[in-house]
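Numbering (my numbering), first residue to last: 84 to 309.
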């Protein structure tokens with residue numbers, strides 16, 4: 084890491100390519116999601132070790148409900164496992180966990196597990212991982228506007244009513260799989276994010292790739308529209 088470059092505070096990750104990775108290897112789709120889940124744990128810990136304060140991961144979009152019932156159930160089960168089991172390890176490591184997204188269509192069992200995970204890790208300060216689950220960027224902004232309950236809404240009003248408003252703007256947004264779009268991910272927070280598109284499926288995104296992404300970010304000159 085460059086000691087003179089700009090510090091990466093908030094890393095956004097669009098975890099794309101689990102299914103294509105599985106198809107490429109001739110294995111079931113669910114194994115692709117499992118591998119992607121395991122890789123997320125690895126990359127989150129590596130990012131925190133490198134001093135990244137916030138890592139936001141696009142895990143399940145609102146559009147993902149259109150997938151097969153079997154696949155949706157598997158993804159819900161993975162989220163439940165994360166909220167009940169993996170969060171205990173993250174807590175031991177001083178990592179705070181946020182879940183960002185709509186509560187609609189989420190089971191009471193998963194909602195309770197999410198609340199418990201957030202409560203357990205609330206005071207952790209070593210790093211924060213934001214799991215964007217049942218998430219849509221347009222929906223987040225719409226929910227924030229509706230929460231304002233005012234006739235005239237300012238940008239500050241919206242920021243204060245976003246999901247987990249203490250999570251800052253994204254500095255660097257990385258999408259895997261070679262696709263070059265942000266798919267509605269954190270539209271408000273990504274307004275001035277640096278973008279990096281990586282031509283690898285998410286399960287193959289390595290710690291070396293993370294280091295390369297951080298280095299490229301540190302070498303950039305951020306202008307914020309100026």
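By construction, the Cβ of each residue, glycine as well, lies at the ideal position given by its N, Cα and C atoms.
Beta bridge pairing from DSSP links residue 258 with 97, 280.
In the assembly as shown, residue 205 is an exposed residue. Its beta-carbon has fewer than 16 other beta-carbons within 10 Å. Between residue 300 and residue 218, the CB-CB gap reaches or exceeds 8 Å. In the structure shown, residue 211 adopts extended strand secondary structure according to DSSP, grouped into three states. The DSSP assignment places 178-183, 210-218 as complete runs of the beta strand (DSSP E) inside the region 147-228, in order along the chain (cut-off: 3 residues). Within the same chain, 115, 118, 119, 284, 285, 286, 287 come within 8 Å of residue 104 by CB-CB distance, once the 5 residues on both sides are set aside. Residue range 112-132 is occupied by the alpha helix (DSSP H) that includes residue 120. Where residue 141 is concerned, the enclosing beta strand (DSSP E) starts and stops at 137-144. Judged by pairs of C-beta atoms under 8 Å, the region 173-186 touches the region 196-216, as three or more such pairs exist. By the Cβ-count criterion, residue 259 is buried, with 16 or more other Cβ atoms from all chains shown falling within 10 Å of its own Cβ. Here residue 157 has 113, 116 as same chain residues with Cβ atoms under 7 Å from its own Cβ, once five neighbours each way along the sequence are excluded. For residue 294, the enclosing alpha helix (DSSP H) stretches over residues 290-302. A distance of 8 Å or more separates the beta carbons of residue 215 and residue 266. Taking C-alpha positions only, residue 146 is separated from residue 195 by approximately 23 Å. In this structure, residue 272 places its C-beta atom within 8 Å of the C-beta atom of residue 252.
Taking residue 97 as the centre and dropping the five residues before and after it, the same chain places the C-beta of 141, 258, 268 closer than 6 Å to its C-beta, in chain order. Taking a C-beta distance under 8 Å as the contact criterion, residue 224 and residue 241 qualify as a contact pair. Taking C-beta atoms as the reference points, residue 230 and residue 193 fail to come closer than 8 Å. Residues 217 of the same chain have their beta carbon placed closer than 7 Å to that of residue 189, with the five preceding and five following residues left out of the count. Under the three-state reduction of DSSP, residue 264 is assigned to coil, being neither helix nor strand. Distance from residue 293 to residue 129 at the Cβ level is roughly 6 Å; contact confirmed, criterion being Cβ atoms closer than 8 Å. Between the C-alpha atoms of residue 304 and residue 109 there is a straight-line separation of about 42 Å.
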